Amino acid sequence: MTTLDRFFLEISPFLEEHQYITTVEAVNITGMNRSVVNLYLNQLVAKETLEKTNTRPVRFSLLAKENPFNKVIGVTGSLKQQVIQSRASVTYPPNGLPLLIYGNSGVGKSFLAKIIYEYAIYEKVISQEAPFVVLNCSDYANNKELLSSVLFGYEQGAFSGATEAKIGLVEEANGGYLFLDEVHNLSPENQEKLFLLLDESKYRPVGANAKWRHSDVRLIMATTENPDSTLLTTFKRRIPMFIKLPDFSERLYNEREEIVMNAFINEQALMGTEILLGEDFYHRLINQTYDGNIGEILNDIKVACATQFSQSVVGEAIEIGEAPFIPVKKAISDATELLTYDFQVLNGVPYEQVFSHLDERVEALFLELFINHDPKNSHGLLSFYLENQKKLKDYLTSKGLELHQKKIQKIILALLLIRKNSETATIEIKSLAAFYYNSPKYSLLAKDIFRLMNQQENYSEKELELLALYLSGLIKLKSEIPGLIAMHGKGNASSLAQVVNQLVGDFVFESFDLSLDSSVEDVIEEINHYVGHINTTKGVALLVDMGSLEQMYLNIQKQVSGDLLVFNNVSTLLALDVGIKLSKQENIQTLETIKTENFSVSKKYYAGVSKSINIVVSCVSGEGIAKKIKAILEKYIDKNTVDIICLDYNVLQQMILRNDHSMFKDTVAIISTSYFDHATVPIINVEQIINGSSNLDLLTPHFDLPESKQKCTNDIIKLFTIEGASARLNFIDPNLAINEVEKVIDKYEAHYHMSVDHFLRINLFLHLSAMIERILTGDGIDEEVLEEDRDLLEFINVSKLFFEDIERVYHIEVPLSEIKLIYMILKVLL
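With positions in the sequence shown counted from 1, the corresponding number in my numbering is that position plus 73.
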């Protein structure tokens, strides 16, 4: 999936709701630079995905042609990832990717296969007349020879009764799609016969022993069984894309509602008679678990309609279930008629009075939905509430906020009300922005709640301000000084913050969970980014699990308007004491008097990169190659006695430059593709291992067997060969990748008048071919490059030209951050 595809995916919900988008609106949604957004929008125009007006500002809208995936319920919800995978399988050159769709009976595997075929036509990668051929392999489960002849065809005389040659489905589907349903019924022999078709697009009919035949067929397979237990491992390796479809009961509430209602809409159209649904009956259909999933639901609905239709009077509505009834109509996702509100009435109103205005409308919504509950126009709101109530309650509980159920209901309604109306109104509320800035904890709650409710794509600053203001009227927070906990390890900080918030009964701490290899500089960067966006005039209390107090204070203090107090070696008791004082609104000077020795934290010692004997692996070309070296080491070294750690190259370099011996006191060696000056720990350079000038003798005591050292050395050398690199490409053609990467390296050599040696050339092939796969599968690094380095900027400009062929061949766009990594690899030669 290219960066352009991800950009389009981000702006699509806004386009679908508003019919058009401006450059400014796209910038607000994506957070990207304006010039980049403008470039992407115009590229989408060039691809005939969007069209634009000649107005000022320019408006971009979707072309009239219909994307087949728009017919998929859940395309931006529970099936979002499956749709991304499906689209990627279609557009991958030259003939797409084979894929296997799996899931229980009735989840929509055949439907998705047909949508993928239609999308291929929509994207013009196959012709309008391209075939879509279906074979249910279960029909031939007990006759593998017959299945083979159906698939591949047969020659005259191939078997008794073969009086003339006949083409198979593989040839019939040439240029289009072959859908093999219930593929687990393929015998091992027939799976093996598909190998060459998957690998090289060639096959032999039954009875043909000489000439190969060719078919540019695209394969989609489906199964209700576990692929791991029913398909050959060698067969699965040839299928790069596996897509799992969820059961009906696992789908989002509003999606289940739409599936059910659409089925009744179709039946209503077929019968030409209005249908009225009993409300209880309707909600049972939505919430019931079905062994046959969507297929069983559609059958049950058809039977129910047919039964009532046979007993109905011509011209009268059909009633299914018991009263009260609701009419059959398209599921309402936002209950527009209930959410309408003129936000212009708030113009010029002081922010202190806005809560009562908003709450009056929210209270009316509450009565309509939860008291009067008119099912004719409120079920869309009800489904949104049911989908989000638990998420919101759990989130607020983690912040120490136990709210009455009605308040939770009103927060959800307020968010919908604000989201639906404020974006179309020009509102100027007196001092609203100042309130938002001066209320950091309410502003944080507002941001988190927007994200929690799946509204993260494109909320505006005004919407955040209004929701924060509404929250301030419902929730009374006692603490005013921002309290922050930053700890290494997954969930450590958030768990401690949640415990203290709940014990205190107040939102006193925000948390920052840091990866285990995060440095003090990383902690400082995280905290500075946070405090730079809130009001800190009353000070900040920061609790961390490691790091130099002096270093952290000096680097964070300049971002804080008031006083900064930093505690390191945080414990639960220390956090609880600070939290209680924050909740009592004690000032920062009072917190400074806390005696840390009461919490037995002054003697804690940070043990270095690991508390165990360890080997550090780091590569300038990125974590991917380091992980491959780590995987090789783990084959031969006992992981129970030696910790093998991958560290980011820049993080490791900073650790070495700090000359902190304690960081590496248990480190046996650092294995790297680069050199480090002033290192206090032995460095094993991979290039020297390959050319024979270095070895793994330092690791001898830690190998599990005498012969392991040589085997490990051989595996590392093999990794840095064309053969080894090719074996690690999952689905791009290694020969094509070698040629394209070689062209790029040649261009760098010519432009910079340099020579790339054999080792670095292999290193670049490893890195660039893996980069292509990462970008294609949507895993590429896509971060903003902020450096003002003039050499880097020049390198980026020429690299854009050098990568034009690769971008054209693979239909990708190489992000600037990937180019920066290449710059770091080649920097020693530039």
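Even glycine gets a Cβ: it sits at the ideal position worked out from N, Cα and C. Because the structure is a prediction, the values reported are computed rather than measured.
- request: Answer yes if the stretch 271-283 comes into contact with the stretch 233-249, meaning at least three C-beta pairs across the two stretches below 8 Å, and no otherwise.
  value: Per the Cβ contact rule, the stretch 233-249 is in contact with the stretch 271-283 (3 or more Cβ pairs under 8 Å).
inquiry  = Taking the alpha carbon of GLN571 as the reference point, which residue from HIS561, ILE710, GLY562, SER584 has its own alpha carbon closest?
reply    = SER584
Inset, instruction - Identify the continuous alpha helix (DSSP H) that holds LEU647 and give its terminal residues. - result: 645-656
query = Pairing CB atoms from the stretch 572-581 with CB atoms from the stretch 464-475, are three or more of them under 8 Å?
reply = yes
Whole angstroms is fine: what's the gap from THR380's alpha carbon to ALA390's?
Cα-Cα distance, rounded: 14 Å.
### Beta-carbon proximity of VAL223 to GLY248, cut-off 8 Å
no
Check your understanding: Taking the continuous beta strand (DSSP E) assigned at THR773, which residues delimit it?
Key -> Per DSSP, THR773 belongs to no beta strand (DSSP E) and is neither H nor E.
Going by DSSP, what residue range makes up the beta strand (DSSP E) through LEU172?
DSSP places LEU172 in the uninterrupted beta strand (DSSP E) bounded by 172-175.
Could you tell me the distance, in whole angstroms, from the CA atom of LEU350 to the CA atom of SER429? 38 Å
Exercise. For ILE757, which beta-bridge partners are listed by DSSP?
Worked result: ILE744
In angstroms with no decimal places, state the Cα-to-Cα distance between MET728 and MET736.
8 Å
Worksheet item: Under 8 Å, do ILE919 and LEU589 count as touching if we go by C-beta distance?
Response: Any question about residue 919 goes unanswered here, given that the chain covers just 74 to 903.
| message | Does ARG79 come out as helix, strand or coil in the three-state DSSP assignment? | response | helix
message: So for SER691, helix, strand or coil by DSSP?
response: Reduced to three states, the DSSP call for SER691 is strand.
- prompt: For LEU841, which of MET827, GLU867, PRO888, LEU865 has the nearest alpha-carbon?
  reply: PRO888
- Can GLY421 and GLU501 be called in contact, C-beta distance under 8 Å? yes
Exercise for review: Would you tell me roughly how many angstroms separate the C-alpha atoms of LYS89 and LEU82, rounded to the nearest one?
Suggested key: Checking the sequence, you will find Glu at residue 89 rather than Lys. Going by the C-alpha atoms only, they are around 11 Å apart.
Checklist line | Assigned secondary structure, SER134 (DSSP; H/G/I helix, E/B strand, else coil) | finding: In the structure shown, SER134 sits in a strand (DSSP, three-state: E or B).
Query raised in the report: Helix or strand or just coil, what does DSSP make of HIS751?
Result: coil
### Local conformation of ASP320 per DSSP, three classes
coil
- Based on the DSSP secondary-structure assignment, which residues constitute the bridge partners of ASN209? ASP254
- Task: Report yes if the C-beta distance between ASN768 and THR740 is below 8 Å; otherwise report no.
- Result: Going by C-beta atoms, ASN768 is not nearer than 8 Å to THR740.
> Out of MET334, TYR213, GLU707, THR773, which has the shortest C-alpha to C-alpha gap to ASP788?
Replying inline: GLU707
ask   = Are there 16 or more other CB atoms within 10 angstroms of the CB of PRO261, so buried, or fewer, so exposed?
value = It is exposed - the Cβ of PRO261 has fewer than 16 other Cβ atoms within 10 Å.
* Every unbroken alpha helix (DSSP H) within the stretch 89-162, with a cutoff of 4 residues, ordered by chain -> 96-103, 107-119
Margin query: DSSP three-state label for ILE895, please.
Written below: helix
| said: Taking the beta strand (DSSP E) that MET560 belongs to, which residues open and close that run? | reply: Element bounds for MET560: 556-561.
If you run the structure through DSSP and keep just helix, strand and coil, what is ILE729? helix
| field | Rounded C-alpha distance that separates ALA843 from GLU815 | value | 14 Å
Next on the checklist: For MET314, which residues in the same chain have their Cβ closer than 8 Å to its Cβ, ignoring the five residues on either side in sequence?
Outcome noted: GLN158, ALA161, SER162, LEU170, PRO171, LEU172, LEU173
| Residues bridged to GLY351 [DSSP beta-bridge criterion] | PHE398, per the DSSP bridge assignment.
I need the DSSP call for SER872, collapsed to helix, strand or coil. helix
C-alpha distance - GLY368 paired with ASN299, whole-angstrom precision: 20 Å
Notebook entry, point to check: In three-state DSSP terms, what is PRO167?
Noted result: coil
Output the residue ranges of the beta strand (DSSP E) runs that lie fully inside the stretch 552-605 and measure 3 residues or longer, sorted by chain position. 556-561, 582-587
- In this structure, does DSSP put THR470 in helix, strand or coil? helix
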